[in-house]
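Just so we're aligned: the sequence shown equals residues 749 to 1246 in this note's numbering.
By construction, the Cβ of each residue, glycine as well, lies at the ideal position given by its N, Cα and C atoms.
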Amino acid sequence: MQGFTEIEKAQIRLFGELIFVNPFSVERTSIEKKLLGRRFRSLYEAWHSVNGELSVNRNLAAINELSEQLVARGMQGCAKAEGEAFLDSWDLLVMYWLFGKYSGPMCRNIYLGRDAESENALLFKDFNADFARAVNFHGRTRKSDYSSGNIFALFHQVHRAFNYIFDFIAGGSMAAAQMRSSIWQSIFTYDLRRYYRQMYSRMDSITTLICGESGTGKELVARSIAFSQFIPFNARKHKFEEVYLNCFHPVQLSAMPQTLVESELFGHAKGAFTGAISEVKGYFETCQKCGSIFLDEIGDVSPETQSKLLRLLQTRQFNRIGDTRQLSFQGKVIAATNKDLFKLCHEGSFRNDLFFRICSDTIHTAPLRQLIDGQEDELRKFVVTLAKRMLDGDDAQDFADKCGDWIMANLGVDYAWPGNVREMEQCLRNLLIRGEYRPPAKDNAAGHDSTEDFFSNCRMTADELMRRYIGAIYRREGTIAATATITGLDRRTVKKYL
């Protein structure tokens, strides 16, 4: 039996690249084009959701068909004929084939959530049989580096990450694509080969910091990361070690008195303070190995709590209040803030060492104005997405169309949405109830520096000064057109500095 043709071997190498690439990146589309050639169907630069629904990549059917053909050829003797040097490429082709074959049922089981245990067991039985048949083909001499249970768990994680990033991050602009890509990297790192080799079991030691304006969906980003952590699959018992929906533990730090924050986080012993009538376990103690603690508005915590958080992140150890016993934290920490923590460090209200401990993995959420990017179709996509949260069926689409028309006629596509998605939600609710929306008065916009004080202390370059000036005018006026008129600049220059 002869081996694969040169064209087939080039295709197999591309499958090896495809399985490791960030699916939300432009690079993914480029590899698909190389793999399919004239069969490639141009869609968009990067995968995105359309009107609140998962967009369909019409190239996937052709890619899955090609992988199936190549695997079938390999199992007929082509893979054996290529020799041991070819086995690494073969294994990656098989991985992609298995991923595509089991994608549909795996996604269905993910959405079943807590009720999917028996379905996952049945699915793994078939997956394991196909894995053994294709990876360990007749005549293979060198054992594969992959195990069916570990690959099943990784595929489950990839599907969770893909689906939840799509569910939580809407929009088709490049700003939205870059945000989805950034979240994917936070989960898997930029090097998926290294992740598959060893990082999948070590990501809980890396703290993720989510920064962005209020209303830009920082908690949604945190949820997508927490729901997408690696959860081991016990191949002997045919079950996952944890239900992924139990892995997110949000703590609203700014919503509770500082006197209670430490008790909630670390727990307390009986008699530790007045009113402590029994021992209480905190979030860090009850969080499981695959879980994530989400510390929202971390910039608001006291210096004393910052010190204890630093110790926990450095040593993974902590004590309950009033107790000397050392306890271990096994999960991951995700923090969020709408404040400039670096500035707070300079002011002395936030610890430098804690800041550098939590900023190793940072995600910046994009404001709504950047996601829309002055494009009417992008604005209407967000309106449709939000309308579907309020109404069902044809009413949702009809309401979305009317809202889109009202916004275009009264606010314009360049409206700044200073309250971000939260403001757009309120806009739609106002339109639903009263048929109109009145944005916050311009006089209530964020205050600006005194001109004299600003210039006396200014150390910015002319370019930085222009960016700040145009940004201030844009936030005040709300549209690119008005900003261009006031500054005497053309719209392209205004967009450049925004």
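Check                                                                                                                                                       : Outcome
Using CA atoms only, rank isn't needed, just tell me which of D839, A829, E816, E813 is closest to T753.                                                    : A829
Whose C-alpha, out of R1215, V1242, R1216, Y1217, is nearest the C-alpha of T1227?                                                                          : V1242
Taking only heavy atoms of the ligand NAP into account, decide whether any of them is closer than 7 Å to the Cβ of T1034.                                   : As presented, the structure is devoid of all ligands, the ligand NAP included, so that no description of it is given.
Going straight from the alpha carbon of M910 to that of R888, what length do you get?                                                                       : Checking the displayed sequence, the identity of residue 910 turns out to be Phe instead of Met. Taking the straight line joining both Cα atoms gives about 34 Å.
Using 8 Å for Cβ pairs, my map puts H1094 next to F1042. What's the rounded Cβ distance?                                                                    : Actually they do not touch by this definition, with Cβ atoms about 26 Å apart.
For the 8 Å Cβ check, are there 3 or more pairs between the region 1063-1080 and the region 1016-1023?                                                      : yes
To the nearest angstrom, how far is it from the Cα of G1030 to the Cα of G1079?                                                                             : 13 Å
Would you mind sorting P1188 into buried or exposed? The rule is 16 or more other CB atoms within 10 Å of its CB.                                           : exposed
I want to know whether the region 834-846 touches the region 760-773 - three or more CB-CB distances under 8 Å.                                             : yes
Give the DSSP-derived three-state secondary structure of V769 in the structure shown.                                                                       : coil
Quick one: give me the first and last residue of the beta strand (DSSP E) that T955 is part of.                                                             : It is not in any beta strand (DSSP E) - T955 carries neither H nor E in the DSSP assignment.
DSSP state of N805, grouped into three classes?                                                                                                             : coil
Along the beta strand (DSSP E) that carries S1040, what are the first and last residues, could you check?                                                   : 1040-1044
The beta strand (DSSP E) that contains H986, what's its start and end?                                                                                      : Where H986 is concerned, there is no enclosing beta strand (DSSP E), given that its DSSP letter is neither H nor E.
Could you check how far apart the C-beta atoms of G1152 and V1131 are, in whole angstroms? I think they sit under 8 Å.                                      : 5 Å
Could you tell me the boundaries of the alpha helix (DSSP H) in which K1136 lies?                                                                           : 1124-1138
Using DSSP with H/G/I as helix, E/B as strand and the rest coil, what is L1008?                                                                             : helix
Using only CA atoms, which one of F903, T956, G848 lies nearest to K1108?                                                                                   : Looking at the sequence shown, residue 1108 is not Lys but Ser. When only C-alpha atoms are compared, the closest one is T956.
Per DSSP, D1109 is paired with what?                                                                                                                        : T956
Out of F1147, H907, V991, point me to the one whose CA is closest to S866's CA.                                                                             : V991
Can you tell me the Cβ-Cβ gap for V1081 and L1127, rounded? I've got them flagged as a contact below 8 Å.                                                   : Contact doesn't hold; Cβ gap of about 35 Å is too wide.
Under the three-state reduction of DSSP, which class applies to H904: helix, strand or coil?                                                                : helix
Please report whether the beta-carbon of E765 lies at a distance below 8 Å from any beta-carbon of chain D.                                                 : The chain inventory of the structure shown lacks chain D, comprising one protein chain alone.
In the DSSP assignment, what are the bridge partners of H997?                                                                                               : I1041
Distance, Cα to Cα, S1097 vs I1046?                                                                                                                         : 12 Å
Ignore the nearest five residues each way along the sequence and tell me which others in I935's own chain have a CB closer than 7 Å to its CB.              : A909, I973, S976
If you measure between the beta carbons of K1129 and G920, is that distance less than 8 Å?                                                                  : yes
Return the CA-CA distance between T1133 and F1147, expressed in angstroms with no decimal places.                                                           : 11 Å
Any chance the region 770-779 sits against the region 925-933, with 3 or more Cβ pairs inside 8 Å?                                                          : yes
Going by C-alpha to C-alpha distance, which of I979, V969, K1056, K985 sits closest to S1011?                                                               : K1056
Let me make sure I understand the geometry here. Which of K757, E832, A983 has the alpha-carbon closest to that of E884?                                    : The displayed chain sequence assigns Asn, not Glu, to residue 884. Comparing Cα positions, the closest option is E832.
Tell me which residues share the same chain as A1193 and place their Cβ nearer than 8 Å to its Cβ, disregarding the 5 neighbours each side in the sequence. : Caution is warranted here: a pLDDT of 45 is assigned to A1193, below 50, making its placement in the model unreliable, and the coordinate value is therefore given only provisionally. Excluding residues within five positions, the ones whose Cβ falls inside 8 Å are P1166, R1223, R1224.
Over the uninterrupted alpha helix (DSSP H) stretch that includes T777, give me the two end residues.                                                       : 774-784
Would you mind sorting K966 into buried or exposed? The rule is 16 or more other CB atoms within 10 Å of its CB.                                            : buried
Just to confirm the assignment, what range does the beta strand (DSSP E) spanning T1085 have?                                                               : 1080-1085
Determine the burial state of G785: buried for a count of at least 16 other Cβ atoms within 10 Å of its Cβ, exposed for fewer.                              : exposed
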